[in-house]
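Protein chains in written order, with our numbering: chain A, 1 to 369; chain B, 1001 to 1347; chain C, 2001 to 2157.
We treat Cβ as the ideally placed atom computed from N, Cα and C, and that holds for glycine.
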Amino acid sequence: MSKTFDVRKLLADNLVVVIFLVITAFAVPVSGLSAQFIIQELLTRIGRNAFLVFSLLLPIMAGMGINFGMVLGAMAGEIGLIVAVDWGILGVNGLALAALVGMPVAVILGWLAGEVLNRAKGREMVTGYILGFFMDGVYQLIVLYMMGSIIPIRSPAITLSRGYGIRNTLGLDSVRQSLDTLLAVRIGPYVLPMATYIVIAFLCLFILWFRRTKLGQDMRAIGQDQGVSHSAGIAVERTRIIAIVISTVLAMIGQIIFLQNMGNMATYNAHKQTGFFAAAALLVGGASVSKATIPNVFVGVVLLHLMYIVMPRAGAQLFGQAQIGEFFRDALSYAAIAMALVIYAWRKRANAEKARAGLRGGQAAGGAK
Amino acid sequence: MNRLKQAVIDFGWPRIIIFLFVVALFIGAPFVNVRVDSSFTDVFNRFGQNAVLVLALVPMVQAGCGLNFGLPVGIIAGLLGSTLAMEFGLVGWAGFLGAIGLAIPFAAAFGFAYGVLLNKVKGEEMTIAMYVGFSIVTFFAILWLLLPYSSPNMVWGYAGRGLRTTITLEGYWGRILNDFLAVRIGENFQFPTGMILFVILLTVLTGIFFRSKTGTAMTAVGSNPDFARAGGVSADRMRLTSVVLSTVIGAVGILVYQQSFGFIQIYNAPLFMAFPAVAALLIGGASVNKASMLNVIVGTFLFQSILTMTPSVINSVLQTDMSEVIRILISNGMILYALTRKTKVTK
Amino acid sequence: MSKLDPKKARRWAIRAALGLLYVVLAVALFVTGRGHTILVDNKADPAGAFPALKAAVVSVDRQKPMEFYPGDRDKFIVKGQRHVLRVKPLAPGAQEKVVEFRVPLKEDMTLVSISKLMAGVEPWYEPFTAPTAQERAAERAAADLENPVETFGSFSP
């Protein structure tokens, strides 16, 4: 009896992963892409995206759900890159300088986000999402109107022809792939961006270490039960804000890593889908709104991006239109998030009701259904 | 004086600021060579265009389901209705009413499924609603390409199948409500009487609904679930009803929008349509769990006034086009304000 | 409590140290990472004081060497301020000249004239500002005035 229950529970816990695996397993052969191409793409994409997904871990640990406000960190990173490119700082120096410049911006924005989210307890995810939109407006105000006019910009090559505002596409040739190629290693037919991987490894170590610090333990406690933590003397509000600040800073660095790999920055669009992609990856990796581990990050990035690589081609082969593959890919990603959220909320309620029924000593719960 | 202060605090400073801002725009318009009469025409047109979509949000708010970020579900039903009506070759009033008639069963079905889903997930409904909405829009994007539509006005000319992204309603039922009994004053002012009458009709009907037994039960479930339960009202059934109602009104809403706008927009267009509606409702004084007809009317009017007047006035003053940024800041700022207010009813 | 409280003082010291580290790091990254464009020129002096080199191989730092003939102009993109310039004329028995030079931090582009360098004329490098699109259009207009372009006449009667 317990054996079958275990399999069912395992399935229920990882339903989203399973569904993704099944669909992708079908799509891979249909797409007609070679295994070598897929593997190389995956290796590149892990380097490019993993850092961003990591930034979501701490707020989940602190019980704040998916921090869609990480988009603010991405914007901070972009501002840092604009400065680095404007001053013509090349290579890894440029990236590091961008991160240094973006750091105070990310901290301030993260603090702001934390304060806002603290005022919206119980609806952090929606609020974070809308906050991201709002900040996009502020970002445009700064980058499209103030840069070049009130904020001095040195090189006319990156401003719009009207004299102020940054161009729609910022060429990142000065720092293009500088982290990736810093320590590129060839293994067989594959090229691995080792430097990027090392950075990600350091991040993993940081998170593992952080979890053991007092601050990390405090965050976990808050994630479990806010009331109890408050009685235990933990500064709940402040710790939540710190979780968001760290998340925002990590998102800033992650976006810089992402953009250096892309080589080009869509100044006004690059950050728009960041939160969604990171959240989708994490959830597809088996995480939930209240629990996310490091393996979830890697499994999720691989699965999500495998689907992203394969689906458009599969759609083209099956229906003669790649567009369908793209739509299907988008629909599946959105549905995956919706499904993960639904399963999580459903089980939370089921557990709460079970607990309540247990308290009542097993008596049937009264009242309307 | 205290009552005035209390009213101000309740209404909220951001709303007062927005209201004064709109008034300032209207006063300032003539000074920057913006014609007031054509501005008013635009405002009335956009008001009618969007009001029903905003109205669609009210049932779910009252029932305690939060802001319906899943409005795209109803919008898709409306799109199905209008594309099918066009495919069947219905024109004029037959087209518009036919679209409504075709859309409502879809909306009811979709709304039912959506409502059942929401009932299982009380808490963070809004995020789930958002992603359910996104999923349905992108899923239907696939269908728009695959379904066997054949009317030459709707499909891509080259391939012969698959709907176009934007389909014009000219020759079908474009502007049919707007032009019905329209009042023209001078060359630049036209009041879209038909559409405004339709909006008023729907608003009144909804208002009557909320005074009915079901309506008051719905409100009770949203504001005081224990009291409702004591009175024998099933919270789940009321919530389900509210979602279905919301979805159906949403379907009608997009049809009103389409006929005024003149085009059917599919594929990714409906993805973010819930957000302006939510912002408008909140600007009108609603909160996350309480919304009235007045909120709908006032909110839509204020919000659309800003969207209409800002480009013309501010751009003339500053000599740049800042309308997009201002729109983003105001609409999202308003939603943020509502989401971060301490509500009297605990969740 | 006053700032002399040992715990608080330690906190402020750490914060100050971090701030200092931040500034030092930023400056170091900036100075070592600043990119410059070295434009290398091989033009004879219009007044005839020195000739253009007939043929020479030029390299900057460890980048790929480039060949220069009279009138050529090419560019090297470099990082940082101190650079080594190698000029080796291709005439048999000619000496290679190796010089170290510094590019000022603020300069985006520097123009190096190898003809001046080999002739021993100082200074052989100077800052260079690229003309804006408007200036270039004005240049072209002025050049057109000096050398009128021949047309084939109108094609219509």
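Taking Cβ positions, are residue i and residue j nearer each other than 9 Å?
| i | j | result |
| --- | --- | --- |
| residue 1079 of chain B | residue 1249 of chain B | no |
| residue 114 of chain A | residue 175 of chain A | no |
| residue 1304 of chain B | residue 1050 of chain B | yes |
| residue 151 of chain A | residue 160 of chain A | no |
| residue 37 of chain A | residue 297 of chain A | no |
| residue 1172 of chain B | residue 1092 of chain B | yes |
| residue 79 of chain A | residue 107 of chain A | no |
| residue 1256 of chain B | residue 1199 of chain B | yes |
| residue 2100 of chain C | residue 2087 of chain C | no |
| residue 2119 of chain C | residue 2049 of chain C | yes |
| residue 1116 of chain B | residue 1240 of chain B | yes |
| residue 2061 of chain C | residue 2040 of chain C | no |
| residue 62 of chain A | residue 243 of chain A | yes |
What would DSSP say about residue i, mapped onto helix, strand or coil?
| i | result |
| --- | --- |
| residue 1152 of chain B | coil |
| residue 115 of chain A | helix |
| residue 2139 of chain C | helix |
| residue 1348 of chain B | Past the edges of chain B, shown from 1001 to 1347, lies residue 1348 of chain B, and the structure says nothing about it. |
| residue 214 of chain A | helix |
| residue 1119 of chain B | helix |
| residue 2106 of chain C | coil |
| residue 181 of chain A | helix |
| residue 1226 of chain B | helix |
| residue 172 of chain A | coil |
| residue 151 of chain A | strand |
| residue 2060 of chain C | strand |
| residue 194 of chain A | helix |
| residue 2129 of chain C | coil |
| residue 1094 of chain B | helix |
| residue 1007 of chain B | helix |
| residue 136 of chain A | helix |
| residue 66 of chain A | coil |
| residue 2100 of chain C | strand |
| residue 49 of chain A | helix |
Below 8 Å CB to CB, which residues in the same chain sit around residue i once its five sequence neighbours on both sides are set aside?
| i | result |
| --- | --- |
| residue 1229 of chain B | 1235 |
| residue 1207 of chain B | 1293 |
| residue 1194 of chain B | 1176, 1177, 1178, 1179, 1180, 1181 and 1182 |
| residue 1125 of chain B | 1065, 1066 and 1118 |
| residue 1013 of chain B | none |
| residue 99 of chain A | 77, 80, 252, 253 and 256 |
Take residue i and list the residues in its own chain whose beta-carbon comes closer than 6 Å to its own, dropping the five residues that flank it on each side.
| i | result |
| --- | --- |
| residue 1087 of chain B | 1149 and 1151 |
| residue 65 of chain A | 124, 125 and 289 |
| residue 1321 of chain B | 1315 |
For residue i, which residues from the same chain have a beta carbon less than 7 Å from its beta carbon, with the 5 sequence-adjacent residues on both sides left out?
| i | result |
| --- | --- |
| residue 236 of chain A | 222, 226, 229 and 230 |
| residue 1335 of chain B | 1278, 1279 and 1282 |
| residue 185 of chain A | 192 and 194 |
| residue 352 of chain A | none |
| residue 42 of chain A | 302, 305 and 306 |
| residue 991 of chain B | Outside the modelled stretch of chain B, which goes from 1001 to 1347, sits residue 991 of chain B, for which no answer is possible. |
Problem set entry | Within 9 Å of chain A by C-beta, residues of the stretch 2103-2129 of chain C in sequence order | 2108
Problem set entry | Within the stretch 294-366 of chain A, ranges of the alpha helix (DSSP H) (whole runs, at least 4 residues) | Correct list: 294-319 and 322-359.
For this session: Determine which residues of the stretch 333-356 of chain A have a Cβ less than 8 Å from any Cβ of chain B, and write them out in chain order.
Result: 334, 335, 337, 338, 341, 342, 345, 346, 348 and 349
For this session: Please name the residues in the stretch 2033-2050 of chain C whose beta-carbon is closer than 8 Å to at least one beta-carbon of chain A, in chain order.
Result: 2033, 2034, 2035 and 2036
For this session: Identify every run of the alpha helix (DSSP H) within the stretch 1011-1064 of chain B, keeping only runs that are complete inside it and at least 4 residues long; order them along the chain.
Result: For the stretch 1011-1064 of chain B, the full-length alpha helix (DSSP H) segments reaching 4 residues or more read 1013-1028, 1036-1055 and 1058-1062 along the chain.
Problem set entry | Interface positions of the stretch 64-80 of chain A facing chain C (Cβ-Cβ less than 7 Å), listed along the chain | none
For this session: Scan the stretch 253-274 of chain A for residues whose Cβ lies nearer than 7 Å to a Cβ of chain B and list them as they occur along the chain.
Result: Cβ contacts with chain B: none found.
For this session: Below 8 Å between beta carbons is the criterion; list the residues of the stretch 127-158 of chain A that meet it against any residue of chain B, in chain order.
Result: 127, 129, 130, 131, 133, 134, 136, 137, 138, 140, 141, 144 and 145
Problem set entry | Contained beta strand (DSSP E) runs [length at least 3] in the stretch 1125-1205 of chain B, N- to C-terminal order | You should have 1166-1168, 1183-1185 and 1189-1191.
Problem set entry | Contact list for the stretch 2012-2036 of chain C against chain A, Cβ threshold 8 Å | 2022, 2025, 2026, 2029, 2030, 2032, 2033, 2034, 2035 and 2036
Exercise. Curious, which full-length alpha helix (DSSP H) runs of at least 4 residues does the stretch 1255-1339 of chain B contain?
Worked result: 1274-1283, 1293-1318 and 1323-1339
Problem set entry | Interface residues of the stretch 204-217 of chain A facing chain C [CB-CB below 9 Å] | none
Exercise. Residues in the stretch 1263-1284 of chain B with C-beta within 7 Å of chain A's C-beta atoms, listed in sequence order?
Worked result: Taking 7 Å as the Cβ-Cβ cut-off against chain A, none of the residues of the stretch 1263-1284 of chain B qualify.
Exercise. Any residues in the stretch 113-124 of chain A with a beta carbon nearer than 8 Å to a beta carbon of chain B? Which ones, in chain order?
Worked result: 116, 119, 120, 122 and 123
For this session: Pick out the complete alpha helix (DSSP H) segments inside the stretch 72-120 of chain A, 4 residues or longer, and give them in chain order.
Result: 91-118
Exercise. Which residues, in order along the stretch 1138-1150 of chain B, keep a beta-carbon less than 8 Å from a beta-carbon of chain A?
Worked result: 1138, 1139, 1141, 1142, 1145 and 1146
For this session: Select from the stretch 308-329 of chain A all residues with a C-beta closer than 8 Å to any C-beta belonging to chain B, and list them in chain order.
Result: 319, 321, 323, 324, 327 and 328
Exercise. Which residues, in order along the stretch 22-45 of chain A, keep a beta-carbon less than 9 Å from a beta-carbon of chain B?
Worked result: none
Exercise. When Cβ atoms are compared, which residues of the stretch 1127-1138 of chain B fall closer than 8 Å to chain A?
Worked result: 1127, 1128, 1130, 1131, 1132, 1134, 1135 and 1138
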